[in-house]
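From first to last, the protein sequence lines are chains A and B. For the first sequence, counting from 1, position 86 maps to 86 in the working numbering; every step adds exactly one. Count along the second sequence from 1, then add 114; that gives the number in the working numbering. Down below is the structure, laid out as structure tokens.
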Amino acid sequence: NAGVTQTPKFQVLKTGQSMTLQCAQDMNHEYMSWYRQDPGMGLRLIHYSVGAGITDQGEVPNGYNVSRSTTEDFPLRLLSAAPSQTSVYFCASSYQGSSGNTIYFGEGSWLTVV
Amino acid sequence: AQTVTQSQPEMSVQEAETVTLSCTYDTSENNYYLFWYKQPPSRQMILVIRQEAYKQQNATENRFSVNFQKAAKSFSLKISDSQLGDTAMYFCAFMPHNNAGNMLTFGGGTRLMVKP
Numbered sequence: 001n002a003g004v005t006q007t008p009k010f011q012v013l014k015t016g017q018s019m020t021l022q023c024a025q026d027m028n029h030e031y032m033s034w035y036r037q038d039p040g041m042g043l044r045l046i047h048y049s050v051g052a053g054i055t056d057q058g059e060v061p062n063g064y065n066v067s068r069s070t071t072e073d074f075p076l077r078l079l080s081a082a083p084s085q086t087s088v089y090f091c092a093s094s095y096q097g098s099s100g101n102t103i104y105f106g107e108g109s110w111l112t113v114v
Numbered sequence: 115a116q117t118v119t120q121s122q123p124e125m126s127v128q129e130a131e132t133v134t135l136s137c138t139y140d141t142s143e144n145n146y147y148l149f150w151y152k153q154p155p156s157r158q159m160i161l162v163i164r165q166e167a168y169k170q171q172n173a174t175e176n177r178f179s180v181n182f183q184k185a186a187k188s189f190s191l192k193i194s195d196s197q198l199g200d201t202a203m204y205f206c207a208f209m210p211h212n213n214a215g216n217m218l219t220f221g222g223g224t225r226l227m228v229k230p
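Written out as structure tokens, the structure is:
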């Protein structure tokens, strides 16, 4: 049981480049979300999904794009990377009705934009 | 919208002693959940304890307990018999009860150092 798997774990991008952070879960969870964690701060919600084909914006969505074509996968796309997007990114998943009791987080993806 | 505030950026405690981490929140919701997460240097997010707002009894998990004051919108974490492995960032988090997506609002975190 792999849980929530994020790839890559580390990435360095140049300003203006695009890339996709991958997130996959094998628990058949309906809910998936992306957070970013900046130095010295808590996690902030970027985008979330309540099921395949359904996504919505969180607190800090600008510069990011998501889609959810399958239950298992929820990729996060950086359209044109900026230094302000240097952060650690976490993907999370949970099942509907869990009331937050079992929210599974990935191990994080460290992104540096130079 | 809700906000979560952790007013102690850093704290330290001697091994085997007790420490309390503070958290306050602001919300217009009546039913919600509160959480404490631990984030060790590995950056893994580990759920420490969860409180349901409609339950008056404070949650307890082994050495970890909370003091939940709903009227004051306060949710502190007490760690008893501190251990070196408790050294980590601790985040307080809020989630409304009827929350499609199980989305969390986090505080800024408290860095806890347990000293030998």
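The C-beta atom is built at its ideal place from N, Cα and C for all residues, glycine as well. Being a predicted model, the structure only gives us computed values, none of them experimental.
Of the residues the options, the one placed nearest residue i, counting alpha carbons only
| i | options | result |
| --- | --- | --- |
| T117 (chain B) | B:F178, B:P230 and B:A207 | B:A207 |
| Q165 (chain B) | B:R157, B:S156 and B:C137 | B:C137 |
| A186 (chain B) | B:E129, B:A202, B:S194 and B:Y139 | B:Y139 |
| R36 (chain A) | B:M227, B:F220, B:V228 and B:R225 | B:F220 |
| N176 (chain B) | B:I163, B:K169, B:T141 and B:Q120 | B:I163 |
| I160 (chain B) | B:Y168, B:A167, B:K169 and B:F149 | B:F149 |
| L135 (chain B) | B:N181, B:P154 and B:E143 | B:N181 |
| K192 (chain B) | B:F178, B:A202 and B:A173 | B:F178 |
| M209 (chain B) | B:Q120, B:T141 and B:E131 | B:T141 |
Distance cut-off 6 Å: residue i Cβ against heavy atoms of the ligand NAP
| i | result |
| --- | --- |
| M19 (chain A) | Looking for the ligand NAP in the displayed structure turns up nothing, as the structure carries no ligands at all. |
Beta-carbon proximity of residue i to residue j, cut-off 7 Å
| i | j | result |
| --- | --- | --- |
| H211 (chain B) | Y146 (chain B) | yes |
| R157 (chain B) | G42 (chain A) | no |
| G3 (chain A) | E30 (chain A) | no |
| L226 (chain B) | M125 (chain B) | yes |
| K229 (chain B) | Q122 (chain B) | no |
Whole-angstrom C-beta distance between residue j and residue i, which should lie under 8 Å
| i | j | result |
| --- | --- | --- |
| G58 (chain A) | L45 (chain A) | 3 Å |
| G222 (chain B) | Y204 (chain B) | That belief does not hold up - the Cβ atoms of G222 (chain B) and Y204 (chain B) are roughly 11 Å apart, past 8 Å. |
| L76 (chain A) | T20 (chain A) | 7 Å |
| Q85 (chain A) | G63 (chain A) | 6 Å |
| V12 (chain A) | V114 (chain A) | 6 Å |
| M27 (chain A) | F74 (chain A) | Contact flag wrong, Cβ pair sits at about 13 Å. |
| V66 (chain A) | W34 (chain A) | 7 Å |
| Y95 (chain A) | G215 (chain B) | Not quite, the Cβ-Cβ distance comes to about 11 Å (not below 8 Å), so this is no contact. |
Continuous alpha helix (DSSP H) assignments of at least 4 residues falling wholly in the segment 134 to 159 of chain B:
Listed in chain order, there is nothing to give.
Can you give, in chain order, each stretch of the beta strand (DSSP E) that sits fully within the segment 168 to 230 of chain B and has at least 3 residues?
Complete beta strand (DSSP E) runs here, min 3: 178 to 183, 188 to 193, 202 to 210 and 224 to 229.
With a threshold of 8 Å, are at least 3 pairs of Cβ atoms found where one atom belongs to the segment 68 to 81 of chain A and the other to the segment 2 to 17 of chain A?
As far as the Cβ criterion goes, the segment 68 to 81 of chain A touches the segment 2 to 17 of chain A, which means the pair count is three or higher.
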